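Under this note's numbering, the first residue of the sequence shown is numbered 1, with each subsequent residue one higher.
For every residue, glycine included, the Cβ atom is placed at its ideal position computed from N, Cα and C.
Since the model is a prediction, treat every value here as computed from it, not as a measurement.
This report refers to the structure that appears directly beneath it.
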Amino acid sequence: MMWLRGLTGCALALGLGLAAHSARADDADRIFDKSTVWRPLTPNDKLVVYGIDDPSVAGVACWYTQPEKGGIKGTLGLAEDVSDISLACRQVGPVQFKEKFKQGAVVFSERRSLIFKSMQIVRGCDTKRNTLIYMVYSDKVIQGSPKNSTSAVPLMPWGTEPPPRCDAFMEK
């Protein structure tokens, strides 16, 4: 009988962990994943590709790949995900700025561990080259990680419209 109570507790914790894990990237679209470590009784470790649209710049989208831990700790949301995240951003339509922004403005943020770690995608403008620059990095409450990835989106004409100047939408 005691084992049944333990099994019920494990099932409840597993269900809560799965719910928390699947709700991690609410604003990002999960594109696909690829298993990297096979685990027989729990979810595999995997690389997962997500896509996001820049909320302040229509016509620009970013995709990032991040590792997700499987196993019991990963399933329960207790494993700390590593800081290895890759990033690619592209112009996918005519660029329209919805608002002014500062250099280093946060485009997207996501928790990477239960309490202390988060992942950020930030945006800047290379005014000389009229190019949006996106950088992804992770940070902790005390210190960040030097691991990062950068992607550049040169603003190009789309159809007959000339591209906007990103410096015209920067907060001074």
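Taking every protein chain shown into account, the CB of residue 132 has 16 or more other CB atoms within 10 angstroms, so this residue is buried.
When the five nearest sequence neighbours on each side are left out, the beta carbons in the same chain lying within less than 6 Å of the beta carbon of residue 154 are those of 131, in order along the chain. Judged by DSSP secondary structure, residue 124 falls within the beta strand (DSSP E) whose first and last residues are 117-126.
Less than 8 Å separates the beta-carbon of residue 151 from that of residue 88. Looking only at 27, 166, 119, 29, the smallest Cα-Cα distance to residue 101 is reached by 166. Only buried fits residue 120, as 16 or more other CB atoms lie within 10 angstroms of its CB.
Under DSSP, residue 85 shares a beta bridge with no residue. With distances taken between CA atoms, residue 91 lies nearest to 52 out of 104, 52, 46, 139.
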